[in-house]
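For the working numbering, add 33 to where a residue sits in the sequence shown, where the first one is 1.
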Amino acid sequence: MNTKMIDWPTFIGALILLLGVTIPLIVFPEAGQSVVNEANEFVSGNFGALYIVMGLVIFLFLVFVAFSKNGSIKLGDEGEDPEFNTFSWAAMLFAAGIGSSILYWAVIEWAYYYQGPPFGLEAGSQEAIQWATAYGIFHWGPIAWAIYTLPALPIAYFYYVRKKPVLKVSEAVRPVLGNAVDGPLGTIIDVLFMFGLMGGAGTTLALGTPMIAEGVSDLTGIPANLGTQSVIMLLCTLIFAVSAYSGLKRGIKVLSDINLWLSIFILAFIFIFGPTRFISETTVNSVGILADNFFKMATWLEPFGNLGGFEETLFPESWTVFYWAWWLVYAPFVGLFVARISRGRTIRQMVLGTMVYGTLGCILFFGIMGNFGLYLQLTGTYDVIAFLNENGAPATIIEIINQLPLAKFMVLVFTILAIIFLATTFDSSSYILASVVQKSVEGEPLRWNRLFWAFALCLMPLTLLYLGGLGTLQTASIVGGFPLIFIMFLLAWSFMRASNQDIRASESYESSTIYIERWNKKKPKKRKRSALEVLEDKKDEDDE
Ligand code: NM2
Numbered sequence: 034m035n036t037k038m039i040d041w042p043t044f045i046g047a048l049i050l051l052l053g054v055t056i057p058l059i060v061f062p063e064a065g066q067s068v069v070n071e072a073n074e075f076v077s078g079n080f081g082a083l084y085i086v087m088g089l090v091i092f093l094f095l096v097f098v099a100f101s102k103n104g105s106i107k108l109g110d111e112g113e114d115p116e117f118n119t120f121s122w123a124a125m126l127f128a129a130g131i132g133s134s135i136l137y138w139a140v141i142e143w144a145y146y147y148q149g150p151p152f153g154l155e156a157g158s159q160e161a162i163q164w165a166t167a168y169g170i171f172h173w174g175p176i177a178w179a180i181y182t183l184p185a186l187p188i189a190y191f192y193y194v195r196k197k198p199v200l201k202v203s204e205a206v207r208p209v210l211g212n213a214v215d216g217p218l219g220t221i222i223d224v225l226f227m228f229g230l231m232g233g234a235g236t237t238l239a240l241g242t243p244m245i246a247e248g249v250s251d252l253t254g255i256p257a258n259l260g261t262q263s264v265i266m267l268l269c270t271l272i273f274a275v276s277a278y279s280g281l282k283r284g285i286k287v288l289s290d291i292n293l294w295l296s297i298f299i300l301a302f303i304f305i306f307g308p309t310r311f312i313s314e315t316t317v318n319s320v321g322i323l324a325d326n327f328f329k330m331a332t333w334l335e336p337f338g339n340l341g342g343f344e345e346t347l348f349p350e351s352w353t354v355f356y357w358a359w360w361l362v363y364a365p366f367v368g369l370f371v372a373r374i375s376r377g378r379t380i381r382q383m384v385l386g387t388m389v390y391g392t393l394g395c396i397l398f399f400g401i402m403g404n405f406g407l408y409l410q411l412t413g414t415y416d417v418i419a420f421l422n423e424n425g426a427p428a429t430i431i432e433i434i435n436q437l438p439l440a441k442f443m444v445l446v447f448t449i450l451a452i453i454f455l456a457t458t459f460d461s462s463s464y465i466l467a468s469v470v471q472k473s474v475e476g477e478p479l480r481w482n483r484l485f486w487a488f489a490l491c492l493m494p495l496t497l498l499y500l501g502g503l504g505t506l507q508t509a510s511i512v513g514g515f516p517l518i519f520i521m522f523l524l525a526w527s528f529m530r531a532s533n534q535d536i537r538a539s540e541s542y543e544s545s546t547i548y549i550e551r552w553n554k555k556k557p558k559k560r561k562r563s564a565l566e567v568l569e570d571k572k573d574e575d576d577e
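Now the structure itself:
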């Protein structure tokens, strides 16, 4: 086992932080829970505006970068082709950044907005329903994908343009923080990011496992209890551990391709055999609502709360701020991963690719799956809302899929897809966690290291599943991700600083070449002289 490559302070630091949060939750579940909940209310209540501004600023910044000079920089050598074709690239991007949560929320998110609409609208009203179809794609739309893309900029830049073989967040802020990143500050940055990711992944598991368990239970009759859930968690871990162990090209890429084909199949099936016209019209309509109200939604914070007789909804805190925080804890990981797979693309292709393909993918899921559920509700075929309020989301999601033709077969496909979606997020997470705790990564991180993080990712959620603290871990991680807001700012600054420096250097190099060319043209009869001679002559002239 090769241990010399490991960056031990980061490795141990991340483990200590994880155990330091989890063990107290295991020993003092109630006290732990109330501390975490208070911290959550404090952060999302008081810093909601900060999250909202962060989202909007990152979005505007990336649009600016994509169309600036810096956007034309190629990640890799002149003339080099992209390492992965665009289909596999988009598949891996989507499969890594999006987990089983999309199957969960795409099917059911509208039902929450239907009952608890934004802007003080009346629950179940026509307006509430219109917004319900648009808010899901807003929370999974361009701002969200911009949050994902930002860290990829400096990381990819240093990896492929300046050719530093380190895949670390701390390395990407070196232009701003200087050599301080070699010390404890760098370790803290990496550990914070790892902690956020482990918690964000905990949230994904917390949502995904009960839904998969309901699917299995629907198909086999086995009750969806804790035992079933833990077997499912272990099974998923096994799948993603094998995939992470097999590496990027044989494991992660293969699983991502399957993931994409299966998604296309299930979406096409619902679209064709479901209410095709309703789905098309409602989706187009909701994209329009989103485009029309983009800035309104991106800044809505319900500032009056209960003042002046308004009724407070807490919608921004519980949805938009929560979502931005959740995308944020995943962002450095997705950034590292997107950077790793983007060799041979330009910055512009990478930025626009993530934002456009990512958003389009989410629109398809929400438009097709969500509007299918809404259709059942509006036509009275099936009362989703009543079932949801009685039985909870996981069971409702499986019931909605059960309303399709070939119901059992579709539940089977849906459940398998959920497992693969979960696995493709977790295999790339383990791969990245392993890269971050290594001093350098030439090719791929060490195998035992990838395997270690695959199991570490699942061990804590598994323990907490039994103790009922999964929700607390999820909240803790999202609160713990708060410092990442400032790290995001450093990442943007580092990228601009480094790429502007390099652009300036190459421009002054170019202008000196142009000078020499002109000089040679002026005296055509003379033998072509080297740049050095030209400069020496010029120096002599100046001396005289
Ligand atoms: N995000 C995309 O389970 C998942 O889908 C992981 C969740 C941040 C809301 C990512």
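Here a beta-carbon is modelled for each residue, glycine too, at the ideal position from N, C-alpha and C. Since this is a predicted model, take the numbers as computed values, not measurements.
**Asked** My guess is that SER14 and ALA205 are in contact by the Cβ rule of under 8 angstroms, so how many angstroms apart are they, rounded?
**Response** One cannot answer for residue 14 here, as it falls past the ends of the chain, which runs 34 to 577.
**Sequence ranges, alpha helix (DSSP H) only - wholly within the stretch 374 to 455, length at least 4** = Qualifying alpha helix (DSSP H) stretches, in chain order: 380 to 398, 404 to 412, 417 to 424 and 426 to 434.
**Request:** Using DSSP bridges, identify the partner residues of ILE39.
**Result:** Along the sequence shown, read from residue 1 onward, the residue named residue 39 stands at position 6. When beta bridges are read from the DSSP output, ILE39 appears opposite GLN471.
**Item:** Where the alpha helix (DSSP H) through LEU295 begins and ends
**Value:** By one-based count along the sequence shown, residue 295 stands at place 262. Counting along the chain, LEU295 sits inside the alpha helix (DSSP H) bounded by residues 286 to 306.
**Request:** Can you tell me the Cβ-Cβ gap for LEU183 and GLY368, rounded? I've got them flagged as a contact below 8 angstroms.
**Result:** Counting from one through the sequence shown, the residue named residue 183 turns up at place 150. Counting from one through the sequence shown, the residue named residue 368 turns up at place 335. Contact between LEU183 and GLY368 holds: CB atoms are separated by about 7 angstroms, below the 8 angstroms threshold.
**Asked** Contact check, ASP223 vs VAL202 under 8 angstroms by CB: the rounded distance?
**Response** Translated into positions along the sequence shown, residue 223 becomes position 190. Translated into positions along the sequence shown, residue 202 becomes position 169. Contact holds; Cβ gap of about 6 angstroms.
**Asked** Between THR237 and the ligand NM2, is the CB less than 8 angstroms from at least one heavy atom?
**Response** On the sequence shown, position 204 is the one that residue 237 refers to. Of the heavy atoms belonging to the ligand NM2, at least one sits nearer than 8 angstroms to the Cβ of THR237.
**Item:** contact_flag[the stretch 133 to 142, the stretch 448 to 456] where n(CB pairs < 8 angstroms) is 3 or more
**Value:** Touching, yes.
**Backbone CA spacing between PRO150 and VAL86 [nearest angstrom]** = Taking the sequence shown and counting its residues from 1, one reaches residue 150 at position 117. Taking the sequence shown and counting its residues from 1, one reaches residue 86 at position 53. Their Cα atoms are separated by approximately 22 angstroms.
**Request:** Going by CA-CA distance only, name the one from LEU397, ASP40 and VAL371 that's closest to GLY386.
**Result:** Here residue 386 corresponds to residue number 353 of the sequence shown, with the count starting at 1. Out of LEU397, ASP40 and VAL371, VAL371 has the C-alpha closest to the C-alpha of GLY386.
**Asked** Of all residues in the structure, which have a C-beta closer than 6 angstroms to any heavy atom of the ligand NM2, taken in chain order?
**Response** Having a Cβ closer than 6 angstroms to some heavy atom of the ligand NM2 are ILE131, GLY132, SER133, SER134, ILE135, THR237, TRP359, TRP360, TYR363 and THR458.
**Item:** Rounded C-alpha distance that separates LEU437 from PHE120
**Value:** Position 404 of the sequence shown holds residue 437. Position 87 of the sequence shown holds residue 120. Approximately 29 angstroms between the Cα atoms of the pair.
**Prompt:** Can you tell which of MET443, GLY88 and MET266 has the C-alpha that lies nearest to the C-alpha of ALA489?
**Reply:** Here the question's residue 489 lines up with position 456 in the sequence shown. Comparing Cα positions, the closest option is MET266.
**Environment of ARG537 [buried if 16+ CB atoms lie within 10 Å]** = Mapped onto the sequence shown, residue 537 falls at position 504. If you draw a 10 Å sphere on the C-beta of ARG537, you find fewer than 16 other C-beta atoms in it, and that means exposed.
**Request:** Between the Cα of LEU252 and those of ALA428, LEU288 and ASP416, spot the shortest distance and give me the residue it belongs to.
**Result:** Taking the sequence shown and counting its residues from 1, one reaches residue 252 at position 219. Nearest to LEU252 by alpha-carbon distance, out of ALA428, LEU288 and ASP416, is ALA428.
**Message:** Considering only heavy atoms of the ligand FMN, does any lie closer than 8 angstroms to the CB of GLN436?
**Reply:** For the structure depicted, the ligand FMN is absent and the ligand set comprises only the ligand NM2.
**Closest residue to TRP164 among VAL362, ALA456, VAL354 and LYS329 (Cα-Cα distance)** = Position 131 of the sequence shown, counted from the start, is the residue given in the question as residue 164. Among VAL362, ALA456, VAL354 and LYS329, the Cα nearest to that of TRP164 belongs to LYS329.
**Asked** When the Cβ atoms of the stretch 164 to 175 are set against those of the stretch 315 to 333, are three or more pairs found closer than 8 angstroms?
**Response** Output reads yes: the stretch 315 to 333 touches the stretch 164 to 175.
**Message:** Taking 7 angstroms as the limit between beta carbons, can you name the residues of its chain near ILE312, skipping five residues before and five after?
**Reply:** The sequence position of residue 312 within the sequence shown is 279, counting from 1. The beta carbon of ILE312 is closer than 7 angstroms to those of PHE304, GLY400, ILE401, ASN404 and PHE405 in its chain, skipping five residues each way along the sequence.
**Message:** Under 8 angstroms, with one C-beta from each stretch per pair, do the stretch 80 to 97 and the stretch 259 to 275 reach the 3-pair mark?
**Reply:** Contact between the stretch 80 to 97 and the stretch 259 to 275 is absent, because fewer than three Cβ pairs lie under 8 angstroms.
**Message:** Checking 9 angstroms against the spacing of the C-beta atoms, do GLY514 and LEU225 come in under that value?
**Reply:** By one-based count along the sequence shown, residue 514 stands at place 481. By one-based count along the sequence shown, residue 225 stands at place 192. Yes, Cβ-Cβ distance for GLY514 and LEU225 is below 9 angstroms.
**Request:** Could you tell me which residues DSSP pairs with LYS107 in its beta bridges?
**Result:** Reading the sequence shown from its first residue, position 74 is the one you call residue 107. BP columns for LYS107 point to THR379.
**Message:** Let me confirm a value: VAL389 is counted as buried when at least 16 other C-beta atoms fall within 10 Å, else exposed. Which label applies?
**Reply:** On the sequence shown, residue 389 is found 356 positions in, with the first residue counted as 1. Classification of VAL389: exposed, given that the 10 Å Cβ count is below 16.
**Asked** So is THR242 in contact with chain D if we call contact Cβ pairs under 9 angstroms?
**Response** The structure shown contains no chain D; it holds only a single protein chain.
**Prompt:** What did DSSP end up calling SER580 once you bin it into helix, strand or coil?
**Reply:** For residue 580 there is no data in the structure shown, the boundaries of the chain being 34 and 577.
**Request:** Label ARG483 either buried or exposed according to how many other C-beta atoms from any shown protein chain fall within 10 Å of its C-beta, with 16 as the threshold for buried.
**Result:** Here residue 483 corresponds to residue number 450 of the sequence shown, with the count starting at 1. Under this definition ARG483 is a buried residue.
**Message:** Cutting at 7 angstroms between CB atoms, please list the residues of its own chain near THR270, excluding the five before and the five after it.
**Reply:** Working through the sequence shown from its first residue, we reach residue 270 at position 237. Non-local beta-carbon contacts of THR270 in its own chain, meaning distances under 7 angstroms to residues more than five positions away in sequence, involve ALA487, PHE488 and CYS491 in chain order.
**Inter-stretch contact at 8 angstroms, needing at least 3 Cβ pairs: the stretch 350 to 363 / the stretch 188 to 195** = As far as the Cβ criterion goes, the stretch 350 to 363 does not touch the stretch 188 to 195, which means the pair count is below three.
**Asked** Is the Cβ-Cβ distance between ALA509 and GLY232 less than 9 angstroms?
**Response** Counted from its first residue, the sequence shown places residue 509 at position 476. Counted from its first residue, the sequence shown places residue 232 at position 199. Yes, the pair counts as a contact, with Cβ atoms nearer than the cut-off.
**Message:** Please state the DSSP three-state secondary structure of GLY229.
**Reply:** Walking along the sequence shown from the start, residue 229 turns up at place 196. Assigned with DSSP and collapsed to three states, GLY229 falls in helix.
**Request:** Express the C-alpha separation of ALA139 and TYR278 in angstroms, rounding to a whole number.
**Result:** As a working mapping, residue 278 is identified with position 245 in the sequence shown. As a working mapping, residue 139 is identified with position 106 in the sequence shown. Rounded to whole angstroms, TYR278 to ALA139 spans 31 angstroms at the Cα level.
**Request:** Take PRO494 as the anchor and find which of LEU238, ASN292, SER532 and SER539 has the nearest alpha-carbon.
**Result:** Position 461 of the sequence shown, counting from 1, holds the residue named residue 494. Checked all of LEU238, ASN292, SER532 and SER539; the closest Cα to PRO494 is LEU238.
**Item:** Per-residue burial, ASP416 [other beta carbons within 10 Å of its own, 16 or more giving buried]
**Value:** For the purposes of this step, residue 416 is taken as residue 383 along the sequence shown, with counting starting at 1. Looking at its Cβ environment, which holds fewer than 16 other Cβ atoms inside 10 Å, ASP416 is exposed.
**Asked** Ends of the alpha helix (DSSP H) at VAL206?
**Response** The residue labelled residue 206 in the question sits at position 173 within the sequence shown. Per DSSP, VAL206 belongs to no alpha helix (DSSP H) and is neither H nor E.
**Message:** Could you compute how far the alpha carbon of PHE97 sits from the alpha carbon of LEU200?
**Reply:** What you label residue 97 is simply residue 64 of the sequence shown in a count that begins at 1. What you label residue 200 is simply residue 167 of the sequence shown in a count that begins at 1. Answer to the nearest angstrom: the Cα atoms are 25 angstroms apart.
**Item:** Of the residues THR457, PHE459, THR458 and ILE431, the one placed nearest VAL446, counting alpha carbons only
**Value:** Residue numbering aside, residue 446 sits at position 413 when the sequence shown is read from its first letter. For the residues THR457, PHE459, THR458 and ILE431, the minimum Cα distance to VAL446 belongs to ILE431.
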